[in-house]
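With mature numbering (1 follows the signal peptide of the UniProt record, and there is no 0) applied, the sequence shown covers -25 to -1, 1 to 404.
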Amino acid sequence: MKKRAAMLLAGMMVLSLAVPCAAGAEETNDSEYYYVNGKAPEEVTGNILFWSWDPNFFDMVQKMNDIYPNVTFDFVTVASADDYMQKLQAALTSGSDVPDILAMEINNVGKFYDMGIAEDLEQHEIDKDLLIPYLADIGTDDNGTFIGIPNTAAPGGLYYRRDLAKEYLGTDDPDEISAMVSDWDSFIATGKKIKEASDGAVNMIPGIDILVQPLVNQTGLRWRDENKLMVQENFTDTIELMLKLKEAEIDAGLDVWTPAWNASFGQGNVFCYPGSCWFQSYVIEPNDPEGSGNWGVAEVPGGAYNWGGIWWGMYNQSENKDAVAAWMKYELSKEGAQNKYDLIHFYPGVKSAYEDDYLNKPNEFFGGENVTELYLKEMDEMTVLRPISDDALFYNSMTFFAQSLEGTADEIAEKVEEDIISSNPEYEK
């Protein structure tokens, strides 16, 4: 564990920029750290307008009042990340009620690079050297301006049911499960074994579309180059693999995020789910409330990847910049990092958090497995592309066509490109 943490703190194979570790930057719990633009914590005031599609964040952010007692919040719930972007565009057009904190979901981060509405956080002594390098890099726009802090790290994992593993594979040990699915061919073979042994009652995965995020992000390839679409060139092989998995008949035919997909977590008819570290609190626990101890985390075949995440920015016309900067300082402190984990099991983007005991201990929900070690390994190994505008169009289109997979890989790749063009005619094949 110590070796793995040291590797993370030293740096990772990530993106195109290496963010160095500043000496002493991890020490964020002394009183001077919490000063904002020369103001002591109790002198910082402001009422922050904060929109979110997840009310859990509202509970999380209010803990900052332990340090900054005179900062308040107005919370507004929106339906989704897409609804957030529509509401934000309307507010910017009208010039009123723009949130002080910008919520930049991973598929929209590229849009914020281009919009020019996010403040340079380094002007407010928000230190990106406190962050895991790849997360800091995503929060830095194409001009090198640091505009966002991560809500969470989001390394991937293969989330499996221990009862089904013991019944059909003879073990529930994460290392042994990882070895059984070390590549996609062995993944398919294991899925067929489970389905045959269960007389068809248990499928390996819920559906093929859940594989879009892992398979796409494992490639390290882009879906466009400027306005030229690259789906046919870069992702035909990915679609071919999805077709191979479909032909193996090891999925339950459940589309991701649907009620039936959610219900499957507690029904015991699906063995595993490729996902991300936030699946514990946001997906598995709500859908399998009696499942504590019956889940494990193995490695996904094909390599490490990042799935999801939100970056918090500061609106550059905000009248509450000191208050937002104070909240961000709290988020990047040791106290803020632990608060986030304690409340919603989000794995902090702060490097120093991975030296602390609360992360480096057996996870009861995952049967006593120390999943942090796996997540650190994933973050060491992953290569994450910088976001670009309209990432959401690409991922949504790939997911949609993965649900049916009608045609050849070449035909499906062409359909994805045509679908993207129908939403934004500026792109060309």
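C-beta atoms are modelled at their ideal positions from N, C-alpha and C, and glycine is treated no differently.
Here the C-alpha atom of residue 328 lies approximately 6 Å from the C-alpha atom of residue 309.
Inclusion of residue 223 and residue 166 in the CB contact set at 9 Å is warranted, their separation being smaller than that value. The C-beta distance from residue 321 to residue 253 rounds to 6 Å, short enough to fall under 8 Å. DSSP places residue 31 in the uninterrupted alpha helix (DSSP H) bounded by 31 to 36.
Around the beta carbon of residue 41, fewer than 16 other beta carbons sit within 10 angstroms, so the residue counts as exposed. Per DSSP, the unbroken beta strand (DSSP E) holding residue 79 starts and ends at 76 to 80. Sequence-distant Cβ neighbours of residue 43 in its own chain, meaning closer than 6 Å and more than five residues away, are 16, 19 and 301.
When the beta-carbon positions are compared, residue 185 and residue 250 come within less than 9 Å of each other. Per the coordinates, the alpha-carbon of residue 389 lies some 30 Å from the alpha-carbon of residue 130. A distance below 6 Å between beta-carbons, with the five flanking residues on each side excluded, links residue 247 to the following residues of its chain, in chain order: 133 and 135.
For the pair residue 170 and residue 225, the CB atoms are nearer than the 9 Å cut-off. In the structure shown, residue 216 adopts helical secondary structure according to DSSP, grouped into three states. Listed in chain order, the alpha helix (DSSP H) runs fully inside the stretch 244 to 288 amount to none, counting runs of at least 4 residues. Under the three-state reduction of DSSP, residue 27 is assigned to strand. Under the 8 Å Cβ criterion, the stretch 204 to 221 counts as touching the stretch 382 to 396, having at least three qualifying pairs. Going by C-alpha positions, residue 81 is about 36 Å away from residue 144. Residue 353 counts as buried, since no fewer than 16 other beta carbons sit within 10 angstroms of its beta carbon.
In this structure, the straight-line span from the alpha carbon of residue 311 to that of residue 128 is close to 14 Å.
With three or more CB-CB distances shorter than 8 Å, the stretch 274 to 285 counts as touching the stretch 153 to 161.
Rounded to whole angstroms, the gap between the alpha carbons of residue 262 and residue 14 is 45 Å. Of the candidates 209, 29 and 210, 29 places its Cα closest to the Cα of residue 285. Residue 398 and residue 368 have their C-alpha atoms some 8 Å from each other.
Contact between residue 123 and residue 79 holds, with the beta-carbon distance rounding to 5 Å and staying under 8 Å. Counting every other CB atom within 10 Å of its CB across the protein chains shown gives residue 69 a total below 16, marking it as exposed. By the neighbour-count criterion, in which 16 or more other beta carbons inside 10 Å mark a residue as buried, residue 365 falls on the buried side. When DSSP assignments are scanned along the stretch 47 to 72, the uninterrupted stretches of alpha helix (DSSP H) that are 4 or more residues long and fall wholly within it turn out to be 56 to 69. In the structure shown, residue 203 falls within a strand segment according to DSSP collapsed to helix, strand and coil. With contacts defined as CB atoms closer than 9 Å, residue 209 and residue 227 fail to qualify as a contacting pair. Taking residue 380 as the centre and dropping the five residues before and after it, the same chain places the C-beta of 183, 217, 218, 221 and 387 closer than 7 Å to its C-beta, in chain order. Secondary structure at residue 43: coil, using DSSP grouped into helix, strand and coil. For the options 73, 56, 377 and 92, the alpha carbon positioned closest to that of residue 83 is the one of 56.
Fully enclosed alpha helix (DSSP H) runs of no fewer than 4 residues are not present anywhere in the stretch 109 to 139. For residue 90, the uninterrupted alpha helix (DSSP H) segment begins and ends at 84 to 90. Following the DSSP letters along the chain, one finds residue 170 inside the alpha helix (DSSP H) bounded by residues 159 to 172. Taking the CA atoms as reference points, residue 299 sits about 38 Å from residue 240. Note on residue 333: under 16 other CB atoms within 10 angstroms of its CB, so exposed under the neighbour-count rule.
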